[in-house]
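With my numbering applied, the sequence shown covers 124 to 339.
Okay, structure first, notes after.
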Amino acid sequence: MGIIAPSILSADFTRLGEELINVEKAGADWIHIDVMDGQFVPNITYGPIIVEACKRVSTLKLDVHLMIETPDLMIPEFARAGADYISVHAEACPHLHRSLQLIRSLDVKAGVALNPGTPLSSIEWIIDQLDFVLIMSVNPGFGGQNFIRSSIEKISALSRLLAEKNSSAIIQVDGGVNQKTIHEIHKAGATSFVAGSAIFNTPDYRQTIQALRQAM
Ligand code: DX5
Ligand code: ZN
Numbered sequence: 124m125g126i127i128a129p130s131i132l133s134a135d136f137t138r139l140g141e142e143l144i145n146v147e148k149a150g151a152d153w154i155h156i157d158v159m160d161g162q163f164v165p166n167i168t169y170g171p172i173i174v175e176a177c178k179r180v181s182t183l184k185l186d187v188h189l190m191i192e193t194p195d196l197m198i199p200e201f202a203r204a205g206a207d208y209i210s211v212h213a214e215a216c217p218h219l220h221r222s223l224q225l226i227r228s229l230d231v232k233a234g235v236a237l238n239p240g241t242p243l244s245s246i247e248w249i250i251d252q253l254d255f256v257l258i259m260s261v262n263p264g265f266g267g268q269n270f271i272r273s274s275i276e277k278i279s280a281l282s283r284l285l286a287e288k289n290s291s292a293i294i295q296v297d298g299g300v301n302q303k304t305i306h307e308i309h310k311a312g313a314t315s316f317v318a319g320s321a322i323f324n325t326p327d328y329r330q331t332i333q334a335l336r337q338a339m
């Protein structure tokens, strides 16, 4: 069964607590938290205090996607705030192996996120340090963008690479995931699905999450 991770980027922030409770009741598996710094991506969102607030309301795993420069400086803060999963961008980490070791040393699951233009070869030699890989299927920074088609082939190639290296790392896909795209994404080998607008922009979260699972 796939992991459905609603991205709170598309939630109603005037009622974040309620939104978190509602997606949990609706059958979500993880909560995806998009951290943006206005440097690595052209948008600014939230930091550890929001992660800490989510932790108080939700019993789901908190999956923190760091779209920030020099993430090593902030990783301990996000771990302290209650992150269960942390992904860093390969493009922002000159010492990727060290960043992953840092995450794991804090008892948090470690992932690497790859922008659409970043080759899989950037993770080839650190696969043994990975609990998950996040394939960005849009350019990071905003919700509600269209799925980039070439991501399907990239996910398939990643599945093969992980199998070759005997890795059990989870393949997560983020950006433009909806009832139309989820089948192909799943077929290509992904098992963790981030969805922002496809969930929060609908009236009935339970029905939407069920429909996403059925469409898989
Ligand atoms: C984009 C974020 C995504 C975003 C996805 O930079 O990483 O998590 O919330 O939004 P949708 O699902 O609307 O494409
Ligand atoms: Zn994300």
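No residue lacks a Cβ here, since even glycine has one placed at the ideal position from N, Cα and C.
Contiguous alpha helix (DSSP H) assignments of at least 4 residues, all confined to the region 198-258: 198-204, 219-228
Span of the beta strand (DSSP E) around valine 187: According to the DSSP assignment, valine 187 belongs to the beta strand (DSSP E) that extends over 184-190.
Unbroken beta strand (DSSP E) run spanning glutamine 295, endpoints: Judged by DSSP secondary structure, glutamine 295 falls within the beta strand (DSSP E) whose first and last residues are 293-297.
Every unbroken alpha helix (DSSP H) inside the region 145-181 [4 residues or more]: Segments of the alpha helix (DSSP H) lying fully in the region 145-181: 171-180.
Any non-hydrogen atom of the ligand DX5 within 7 angstroms of glycine 267 CB: yes
Histidine 188 beta carbon near the ligand ZN (any heavy atom closer than 7 angstroms): yes
Coarse secondary structure for proline 194, derived from DSSP in three states: helix
Whole-angstrom distance between isoleucine 258 and isoleucine 294, CA atom to CA atom: 7 angstroms
Per-residue DSSP class, three states only, for alanine 411: Residue 411 is absent from the structure shown; the chain starts at 124 and stops at 339.
Residues near alanine 321 in its chain [Cβ-Cβ closer than 8 angstroms; skip 5 each side]: Val300, Asn301, Gln302, Thr331, Leu335
Phenylalanine 323 versus Ala134, Ala128, Ile127, residue with shortest Cα-Cα distance: Ala134
Serine 130 beta carbon near the ligand ZN (any heavy atom closer than 7 angstroms): yes
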